[in-house]
Amino acid sequence: SQTIHQWPATLVQPVGSPLSLECTVEGTSNPNLYWYRQAAGRGLQLLFYSVGIGQISSEVPQNLSASRPQDRQFILSSKKLLLSDSGFYLCAWSRDVNTEAFFGQGTRLTVV
Amino acid sequence: AQSVTQPDIHITVSEGASLELRCNYSYGATPYLFWYVQSPGQGLQLLLKYFSGDTLVQGIKGFEAEFKRSQSSFNLRKPSVHWSDAAEYFCAGLSGGYNKLIFGAGTRLAVHP
Numbered sequence: 432s433q434t435i436h437q438w439p440a441t442l443v444q445p446v447g448s449p450l451s452l453e454c455t456v457e458g459t460s461n462p463n464l465y466w467y468r469q470a471a472g473r474g475l476q477l478l479f480y481s482v483g484i485g486q487i488s489s490e491v492p493q494n495l496s497a498s499r500p501q502d503r504q505f506i507l508s509s510k511k512l513l514l515s516d517s518g519f520y521l522c523a524w525s526r527d528v529n530t531e532a533f534f535g536q537g538t539r540l541t542v543v
Numbered sequence: 720a721q722s723v724t725q726p727d728i729h730i731t732v733s734e735g736a737s738l739e740l741r742c743n744y745s746y747g748a749t750p751y752l753f754w755y756v757q758s759p760g761q762g763l764q765l766l767l768k769y770f771s772g773d774t775l776v777q778g779i780k781g782f783e784a785e786f787k788r789s790q791s792s793f794n795l796r797k798p799s800v801h802w803s804d805a806a807e808y809f810c811a812g813l814s815g816g817y818n819k820l821i822f823g824a825g826t827r828l829a830v831h832p
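Residue numbers (this note's numbering), protein chains in the order written: chain H, 432 to 543; chain U, 720 to 832.
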């Protein structure tokens, strides 16, 4: 069966520090991968998606970037965090462009 | 533009009572529709999905949802709520040709004993 791993679960970082969140998927190949952000009391906003290695699409302009160095690895990064980057970050995968997505357990990021 | 709307931000029901969570969509074509549930501090778990065919779909944990094209709705229902159903519920839509889910703002469900 397929599983998705996301870490760390919780992270507290100072403003201006770098960020690296990692997500890996097991049990499938060539998944579509996604990064979502969930702000407090709000729905989910798609940040990035990837349909293959090295292929990244950004949905909103922001202080973050994403990379896909391997087929089942998706990384969310920032060179310098802002206070507004605080939130709950969720990685997800899907088999195809028109199928359901499966989510990781999320990372709670607090920028102080 | 495609959108998914959940009109109710917060709902409280008594344990054992029936539940209906509302979801409305705005899409050019019939979208693929989903309901997810999120417990505090956790990721999202898929409850059920609608792609085509029967308009009443069954999901996990005793949930069902009915797709109504005439009302652009995809409401989630459960005949008898358990205390463990307290969580946040998200409706989401996926339009053919696009590879991203559009989520509603969520409905937080509280269950009174």
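The beta carbon of each residue, even a glycine, is placed where N, CA and C say it ideally should be.
Next on the checklist: Is the beta carbon of residue 528/H closer than 9 angstroms to that of residue 491/H?
Outcome noted: Reading the first sequence from its first residue, position 60 is the one you call residue 491/H. Reading the first sequence from its first residue, position 97 is the one you call residue 528/H. The criterion of a C-beta distance shorter than 9 angstroms is not satisfied by residue 491/H and residue 528/H.
Next on the checklist: Output needed in chain order: residues of the region 760-771 of chain U with a Cβ under 9 angstroms from some Cβ in chain H.
Outcome noted: Cβ contacts with chain H come from 760, 761, 762, 763, 764, 765, 768, 770.
Item to check | Per DSSP, cross-strand counterpart(s) of residue 754/U | outcome: In the second sequence, the residue the question calls residue 754/U occupies position 35. 767/U, 810/U.
Next on the checklist: Does any residue of chain H have a CB that is nearer than 9 angstroms to the CB of residue 809/U?
Outcome noted: Here the question's residue 809/U lines up with position 90 in the second sequence. Cβ-Cβ to chain H under 9 angstroms: yes for residue 809/U.
Checklist entry - Shorter than 9 angstroms from the beta carbon of residue 534/H to some beta carbon of chain U? => result On the first sequence, position 103 is the one that residue 534/H refers to. Yes, its Cβ sits closer than 9 angstroms to a Cβ of chain U.
Item to check | Residue environment, residue 759/U, which counts as buried when at least 16 other CB atoms sit within 10 Å | outcome: Here residue 759/U is taken as the residue at index 40 of the second sequence, counted from 1. Around the CB of residue 759/U, fewer than 16 other CB atoms lie within 10 Å, so the residue is classed as exposed.
Item to check | Simplified DSSP assignment, three categories, for residue 460/H | outcome: Within the first sequence, residue 460/H is the residue found at index 29, counting from 1. Coil.
Next on the checklist: Can you check which of these residues, 736/U, 824/U, 749/U, is closest to residue 724/U by C-alpha distance?
Outcome noted: Here residue 724/U refers to the residue found at position 5 of the second sequence. Nearest option by C-alpha distance: 824/U.
Next on the checklist: List, in chain order, every chain H residue whose beta-carbon is nearer than 8 angstroms to that of residue 844/U.
Outcome noted: Absent from the model: residue 844/U. The displayed extent of chain U is 720 to 832, so no value can be given.
Item to check | Span of the beta strand (DSSP E), counted from its first residue to its last, around residue 819/U | outcome: The count along the second sequence starts at 1 and reaches residue 819/U at position 100. That residue, residue 819/U, is in no beta strand (DSSP E); it is neither H nor E in DSSP.
Checklist entry - From the DSSP output, which residues share a beta bridge with residue 436/H? => result As a working note, residue 436/H is residue 5 in the first sequence. Bridge partners of residue 436/H: 455/H.
Checklist entry - Is residue 483/H close to chain U, meaning its C-beta is less than 9 angstroms from at least one C-beta of that chain? => result What you label residue 483/H is simply residue 52 of the first sequence in a count that begins at 1. It does not; no Cβ of chain U falls within 9 angstroms.
Item to check | Straight-line Cα distance separating residue 783/U from residue 389/H | outcome: Missing from the structure shown is residue 389/H; chain H here goes from 432 to 543 and no further.
Checklist entry - Does DSSP put residue 514/H in a helix, in a strand, or in coil? => result Counting from 1 along the first sequence, the entry for residue 514/H is found at position 83. The three-state secondary structure of residue 514/H, taken from DSSP, is helix.
Checklist entry - Which residues in the same chain have their Cβ closer than 7 angstroms to the Cβ of residue 437/H, if we skip the five residues on either side of it in sequence? => result Counting from 1 along the first sequence, the entry for residue 437/H is found at position 6. Excluding residues within five positions, the ones whose Cβ falls inside 7 angstroms are 454, 522, 535, 536, 537, 538.
Item to check | Cβ-Cβ separation, residue 479/H to residue 391/H (assumed contact under 8 angstroms), whole Å | outcome: With chain H covering 432 to 543 only, the question about residue 391/H has no answer from this structure.
Checklist entry - Cα separation between residue 463/H and residue 774/U? => result Within the first sequence, numbered from 1, the residue matching residue 463/H stands at position 32. Within the second sequence, numbered from 1, the residue matching residue 774/U stands at position 55. When rounded, the distance between both Cα atoms is 27 angstroms.
Checklist entry - What is the C-beta distance between residue 721/U and residue 745/U, in whole angstroms, given that I count them as a contact (C-beta under 8 angstroms)? => result Along the second sequence, one-based indexing puts residue 721/U at 2. Along the second sequence, one-based indexing puts residue 745/U at 26. Contact between residue 721/U and residue 745/U is confirmed by a C-beta separation of about 6 angstroms, below the 8 angstroms threshold.
Checklist entry - Mind pulling the chain U residues with CB within less than 7 angstroms of residue 531/H? => result Position 100 of the first sequence holds residue 531/H. Within chain U, the residues whose beta carbon sits less than 7 angstroms from that of residue 531/H are 753, 765, 768, listed in sequence order.
Checklist entry - Using a C-beta cutoff of 9 angstroms, does residue 822/U count as contacting chain H? => result Within the second sequence, the letter at position 103 stands for residue 822/U. At a cut-off of 9 angstroms between beta carbons, residue 822/U contacts chain H.
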